[in-house]
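Since the structure comes first, as structure tokens, the remarks are kept for the end.
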Amino acid sequence: MSLSDEEYDNENQGLFFGDEEDDSYNKDLEGEEDNLIVVADKEDESETSRMFKTLSSDDLEEEIRREVNDVMSVLELEYDVASILLRHFRWNKERLLEDYMDSPDKVLYESGGGRPSNNNFSSQSSVSEEPPTKKTRTVKASRSGPLTAIRSSLRLNAKTKKSKASIPQEIVGNTSPSTTTCEICCDTPSDPSSMMYHPRCGHTFCKSCWRDYTRGKVEDDRIINVACMQESCKTVLLENELKELLDENIFARYGQFIQDSYVLHDKSLKFCLYPACSHALRTKHQVNQTSILTVVPIATCTASTTPPSHTFCFNCETRGDHRPLICALATKWTNHVNEDAGSVSWIIANTKVCPKCQKPVEKNGGCRSDLEIKDASDKVSRSRADLEKWLFYYDRYMNHEKSIKLENQLVERIEEQITSLVNTSQMSWIEARFLQHAVDVLMKCRETLKVYVKKQHRLMLKDVGEGFKEGRWKFLVSVS
Amino acid sequence: MSSISSKRLAKELKEFHSLNLVGVTLLKADDFKQWLVGIEVMGESLFQNEVFALRFTFDSQYPISSPEVVFIDDGVHHIPPHPHVYSNGHICASILGQEWSPVLSVASVCITLQSMLASCKAKERPPDNDRYVRNAPLSPKNTRFHYDDDTV
Ligand SMILES: [Zn+2]
Ligand SMILES: [Zn+2]
Ligand SMILES: [Zn+2]
Ligand SMILES: [Zn+2]
Ligand SMILES: [Zn+2]
């Protein structure tokens with residue numbers, strides 16, 4: 036069975052990351068997490084670089100070209116046709132080759148890669164069990180103008196690839212290349228030979244309609260297999276046909292969309308998460324539901340040689356290095372922080388700590404502690420204590436986060452300092468790098484502390500011995 | 453000012469009259485933004501002697517982009533109970549969505565919908581009608597219908 040258009044279109048719709056799997060990992064952990072302290076060890080740097088490979092946009096293009104060339108030589112097809120087939124099969128080469136061996140005409144017809152000469156697959160072997168006449172009627176319509184299309188649209192509400200494949204080729208409008216009036220805009224260009232255009236299927240319309248149409252399909256719909264404008268014509272425009280019709284910058288984006296689709300359909304590939312970075316990373320990690328409980332695939336894109344380093348988790352797509360936390364806990368923390376950001380800032384803005392009892396009270400309310408303590412149930416005071424603790428960790432975490440941001444600015448200033456140092460003193464550029472190294476170390480420490488705070492919070496929630504808790508608490512107070 | 457869409461619609465309008473489609477009448481077409489078309493199923497069918505009204509809304513990109521087509525309920529006309537027609541008038545038909553081609557026209561859409569009604573076997577709403585209508589976007593063009601296989 037081959038891909039239906041429906042599937043294909045859905046694929047095209049979201050070219051960017053989907054993270055259904057991450058959700059399922061998280062779901063599996065729900066409720067179970069309290070019994071769970073899984074700590075992922077940090078790999079050393081050589082291990083990280085062994086497990087990930089950074090690919091530039093050119094590398095990707097090269098890789099795609101290799102794949103198409105493979106298909107091209109095995110199936111003895113033209114390059115552009117092989118490329119259409121691969122895209123239609125969502126880069127699944129094995130499945131393409133298998134299906135093609137079974138029925139080359141069918142694959143060529145359904146993917147739109149075929150030449151008109153082998154596009155008559157539909158009329159010779161109907162996939163539909165019903166005779167085509169049942170769903171198709173012909174009506175007398177004026178032969179010219181937009182209404183000619185009625186001939187082909189009469190099939191009732193064609194809904195599936197079955198009924199699509201059952202339309203005999205003869206009814207599909209067969210505009211001859213000599214047409215001088217464009218059926219779409221009703222223009223009759225003065226110089227038909229240069230103003231009219233038809234792709235290899237021969238369906239002729241004016242160039243300006245072709246341009247509008249292909250621009251919309253590529254730019255707005257991000258469709259990479261753009262079919263002919265003629266109703267029911269499945270012929271997909273070749274890359275050089277698109278190149279003739281699209282503006283240069285849109286054609287360049289078209290190339291980008293092809294790469295996007297290639298990366299999207301390869302589970303071991305992902306684009307670097309850092310903005311404005313066009314590199315992709317390929318991993319050797321075999322991430323699955325079990326392994327993700329112990330392995331944290333932290334990737335570092337080598338496109339960036341200066342801080343901030345392009346480090347992110349290949350699985351949960353959290354920026355930075357969230358080890359020793361495993362993904363499920365890291366995403367839980369992030370969601371927690373994001374959800375609570377609003378209420379926490381409200382608490383900070385609207386409450387103060389009562390000097391007598393150290394509890395947050397509403398700023399305008401004044402302290403009614405004596406009253407409250409008597410009235411409040413245990414539950415209330417316990418939740419207050421929890422809130423206080425949460426605020427403590429939240430605060431520490433946010434402080435580290437803020438410091439990291441400030442240190443990023445520091446890095447830029449250090450760059451300047453180094454340059455001026457080298458210019459004004461005898462110090463060599465390499466010697467002056469020590470400044471930068473110092474900042475790098477500082478930032479790494481921050482990152483670790485930030486994650487450590489999260490971890491502490493998790494540990495705190497579990498009832499570990501009181502003394503231990505106290506010790507950690509004091510430790511945290513002193514480091515931050 | 454004559455955009456592609458108004459030029460094309462002017463031509464369609466002229467041809468519409470010469471076509472003389474049985475059971476398809478233009479109710480209102482005094483601009484190139486919105487048309488109302490009455491359709492009636494001829495011959496024997498579940499919708500005998502009933503006239504429905506289709507509202508076509510065109511944007512400036514028509515016919516490169518598809519028209520928005522819905523059945524309307526204006527007191528005189530009602531929304532046909534049909535497994536592909538939601539109670540808000542939205543129609544699940546592939547030629548109005550991903551199978552739209554710029555060579556199609558108002559007339560060809562009307563004829564297709566006419567035969568969709570003609571072959572109706574049961575006057576009922578789509579199974580997911582309530583759920584769809586509750587969350588439906590204003591224009592059906594923003595819906596990605598699932599064109600399921602069925603025997604209607
Ligand atoms: Zn044109
Ligand atoms: Zn064509
Ligand atoms: Zn990067
Ligand atoms: Zn992760
Ligand atoms: Zn107090």
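Line order of the protein sequences matches chains W and P. If you're matching positions, the first sequence starts at 36 in our numbering and goes up one per residue. If you're matching positions, the second sequence starts at 453 in our numbering and goes up one per residue. Backbone N, C-alpha and C define an ideal beta-carbon position, used for all residues, glycine too.
For residue i and chain W, any beta-carbon pair shorter than 9 Å?
| i | result |
| --- | --- |
| P:Pro519 | no |
| P:Pro592 | no |
| P:Met453 | Bear in mind that a pLDDT of 47 at P:Met453, under 50, signals an unreliable position, so the model cannot answer this. |
| P:Ile547 | yes |
| P:Gln513 | yes |
Going along chain P, which residues have a C-beta under 7 Å from residue i?
| i | result |
| --- | --- |
| W:Tyr248 | Ile516, Pro554 |
| W:Met264 | Ser553, Pro554, Val555 |
Quick one, which of the options has its alpha-carbon nearest residue i's?
| i | options | result |
| --- | --- | --- |
| W:Ile293 | W:His371, W:Leu110, W:Val253, W:Ile361 | W:Val253 |
| P:Cys562 | P:Leu461, P:Gly490, P:Ala462 | P:Gly490 |
| W:Leu308 | W:Cys220, W:Ala334, W:Tyr289, W:Cys217 | W:Ala334 |
| W:Tyr432 | W:Ile449, W:Glu451, W:His371 | W:His371 |
| W:Thr215 | W:Glu276, W:Thr89, W:Gly237, W:Cys241 | W:Cys241 |
| P:His598 | P:Glu520, P:Ile547, P:Phe504 | P:Ile547 |
| W:His238 | W:Glu218, W:Thr341, W:Arg257, W:Ser455 | W:Glu218 |
| P:Thr509 | P:Asp582, P:Val537, P:Gln486 | P:Gln486 |
| W:Asn275 | W:Cys312, W:Ser455, W:Lys269, W:Tyr289 | W:Tyr289 |
| P:His542 | P:Ser591, P:Leu478, P:Thr477 | P:Ser591 |
| P:Ser557 | P:Pro578, P:Leu461, P:Gly527 | P:Leu461 |
| W:Trp245 | P:Val537, P:Ala481, P:Asn540, P:Pro554 | P:Pro554 |
Could you tell me whether the Cβ of residue i comes closer than 9 Å to any Cβ of chain P?
| i | result |
| --- | --- |
| W:Phe240 | yes |
| W:Gly149 | no |
| W:Gly290 | no |
| W:Ser267 | yes |
| W:Gly251 | yes |
| W:Glu276 | no |
Please compile the residues from chain W whose C-beta is within a distance smaller than 8 Å of the C-beta of residue i.
| i | result |
| --- | --- |
| P:Lys459 | Cys220, Cys221, Asp222 |
I need the straight-line Cα distance from residue i to residue j, nearest angstrom please.
| i | j | result |
| --- | --- | --- |
| W:Cys348 | W:His357 | 7 Å |
| P:Ala588 | P:Gly549 | 15 Å |
| W:Pro343 | W:Asp301 | 27 Å |
| P:Ser497 | P:Cys544 | 20 Å |
| W:Asp94 | W:Arg317 | 11 Å |
| W:Ile119 | W:His233 | 18 Å |
| P:Arg596 | W:Cys263 | 21 Å |
| W:Cys336 | W:Asn434 | 26 Å |
| W:Ile202 | W:His320 | Any reading at W:Ile202 must be qualified, since the residue scores a pLDDT of 34, below 50, and its modelled position is unreliable; no value is offered. |
| W:Thr168 | W:Asp282 | Low confidence applies here, because W:Thr168 scores a pLDDT of 37, under 50, leaving its location unreliable and the question unanswered by this model. |
| P:Ser560 | W:Pro332 | 55 Å |
| W:Glu279 | W:Leu364 | 51 Å |
| W:Cys351 | W:Lys305 | 12 Å |
| W:His314 | W:Tyr114 | 25 Å |
| P:Asp511 | W:Phe87 | 48 Å |
| P:Asn472 | P:Arg507 | 19 Å |
| W:His123 | W:Gly147 | 9 Å |
| W:Asn373 | W:Thr346 | 21 Å |
| W:Asp137 | W:Val271 | 22 Å |
| P:Ile531 | P:Ser571 | 16 Å |
| W:Leu110 | W:Arg85 | 35 Å |
| P:Leu569 | W:Pro224 | 40 Å |
| W:Ala116 | P:Phe484 | A quick correction: the sequence has Val, not Ala, at residue 116 of chain W. W:Val116 and P:Phe484: Cα-Cα distance of roughly 40 Å. |
| P:Asp580 | P:Pro535 | 10 Å |
| P:Gly475 | W:Ser303 | 57 Å |
| P:His469 | P:Pro519 | 20 Å |
| W:Leu121 | P:Phe499 | 46 Å |
| W:Glu68 | W:Leu328 | Only weak support exists for where W:Glu68 lies, its pLDDT of 42 falling under 50; the coordinates are left without a value. |
| P:Asp525 | P:Arg586 | 18 Å |
| P:Phe504 | P:His529 | 5 Å |
| W:Tyr429 | W:Leu360 | 16 Å |
| W:Glu102 | W:Tyr144 | 21 Å |
Please list, in chain order, the chain P residues whose beta carbon lies closer than 8 Å to that of residue i.
| i | result |
| --- | --- |
| W:Cys236 | Simply none; closest approach about 13 Å. |
| W:Gln324 | The premise fails here: W:Gln324 is roughly 29 Å from chain P at the closest Cβ pair, so nothing lies under 8 Å. |
| W:Cys244 | Ile456, Ile516, Pro554 |
Just the chain W side, please: which residues come within less than 7 Å of residue i by C-beta, in chain order?
| i | result |
| --- | --- |
| P:Ile456 | Cys220 |
Inset, instruction - With ligand 2 as the reference, list in chain order each residue whose Cβ lies under 5 Å from any of its heavy atoms. - result: W:Cys236, W:His238, W:Cys263, W:Gln265, W:Cys268, W:Thr270
Legend entry - Test item, CB below 7 Å from any non-hydrogen atom of ligand 3: W:Cys307, W:Tyr309, W:Cys312, W:His314, W:Cys336, W:Ala338, W:Ser339, W:His345
Legend entry - Nearest-residue set for ligand 1, Cβ under 6 Å from any heavy atom: W:Cys217, W:Ile219, W:Cys220, W:Asp222, W:Phe240, W:Cys241, W:Ser243, W:Cys244
Legend entry - Below 6 Å from a heavy atom of ligand 4 - residues by beta-carbon: W:Val331, W:Cys348, W:Asn350, W:Cys351, W:Thr353, W:His357, W:Cys362, W:Ala365
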